[in-house]
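Residue numbers (full-length UniProt numbering), protein chains in the order written: chain A, 1 to 138; chain B, 1 to 114. Below is one structure, written out as structure tokens, with a few remarks after it.
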Amino acid sequence: MHNEFTVVEGDFANAGKASSEIKKTLKQLNIDNQKIKKIVVAVYEAEVNAIAHAYGGTIYVDLDEEKICVLIKDKGPGIPDIARAMEKGFSTASAKVREMGFGAGMGLPNIKNNVDELDIQTEVGVGTEIKMIVNFNS
Amino acid sequence: MKITDIVKVLDAQVVVGREDMDYSINHGFASDLMSDVLTLEEEHLILITGLCNNQTIRTAEMANISVILFVRNKQVSQDMIELALENDIIIISCKYSMFKTVGVLYENGLEPVY
């Protein structure tokens with residue numbers, strides 16, 4: 001099963017819409033609730049990141065019986081120092097993002113904690129691709 | 001604690017979920033930082049917060065949180081109400097500060113997550 005969602009820069013009113021759709025699909029497929037939570041928390045954090053930092057982007061979801069793979073691609077500013085971005089508490093978020101209840105430097109660590117595989121490809125001035133996989137049977 | 005008891009001790013209003021007054025919860029977590037809420041393994045708790053926007057409801061949706069309590073008379077928008085209805089989330093609003101709200105609920109037996 002393949003699905004795509006467009007995320008619009010600065011569109012905080014709709015942040016979480018893609019994650020919500022993914023949650024509904026996984027529930028219909030009777031995936032374990034704990035697995036669903038892990039996936040949607042990770043995707044939601046990434047969705048907020050794309051809206052907050054990366055001028056929006058596209059979320060590609062591929063789903064089969066064994067796993068879900070979510071790829072979030074953006075044409076944003078890129079992440080200059082991934083190691084720092086993965087540190088709890090490091091953030092470059094704007095005041096607007098903080099008003100939304102995010103921007104405390106927990107997003108990427110949260111994503112990492114909830115997925116089985118995480119791969120981040122980023123280039124400054126070009127964009128970022130975050131690929132996350134959660135196995136249903138692990 | 002039942003929703004009906006929470007409403008009573010906080011002199012609160014139920015904004016969404018008036019038909020769920022007998023719904024009962026054991027644990028509470030208070031935060032304005034949604035990323036922090038998203039780290040919780042505990043589910044079906046009451047989230048006590050002063051952060052009142054769509055992201056509060058979305059966070060509850062993703063984290064399987066069934067009740068949100070807004071402190072300091074925060075105004076809940078129509079968008080938020082619709083999102084809460086769609087996701088079976090109960091919304092309560094009270095006039096007390098976060099400090100007092102948490103104190104009263106703790107005193108009445110609501111347990112902390114950590």
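Cβ coordinates follow ideal geometry from the N, Cα and C atoms, glycine included.
Item: Any chain B beta carbon closer than 9 Å to Asn110(A); Value: yes
Item: Length at least 3, wholly inside the stretch 2 to 39 of chain A: the beta strand (DSSP E) runs in chain order; Value: 2 to 8
Item: Per-residue DSSP class, three states only, for Lys75(A); Value: coil
Item: Extent of the continuous beta strand (DSSP E) to which Asp62(A) belongs; Value: 56 to 63
Item: Minimum Cβ-Cβ distance from Arg58(B) to chain A less than 9 Å; Value: yes
Item: Any chain B beta carbon closer than 9 Å to Gly57(A); Value: no
Item: Residue from Gly125(A), Ala42(A), Gly101(A) whose Cα sits closest to the Cα of Lys75(A); Value: Gly125(A)
Item: Any chain A beta carbon closer than 9 Å to Asn53(B); Value: yes
Item: Enclosing alpha helix (DSSP H) for Gly107(A) [first to last residue]; Value: 107 to 114
Item: 6 Å CB neighbourhood of Ile133(A) in its chain, flanking five on each side removed; Value: Lys67, Cys69, Asp116, Glu117
Item: CB contact check: Ser20(A) to chain B, cutoff 9 Å; Value: yes
Item: Outcome for Val113(B) when other beta-carbon atoms lying within 10 angstroms are tallied against a minimum of 16; Value: exposed
Item: Neighbour-count burial assignment, His53(A), 16 or more Cβ in a 10 Å radius; Value: buried
Item: Cβ of Ala13(A) within 9 Å of any chain B Cβ; Value: yes
Item: Chain B contact residues for Tyr44(A), given Cβ-Cβ distances below 8 Å; Value: Leu38, Arg58, Thr59, Met62
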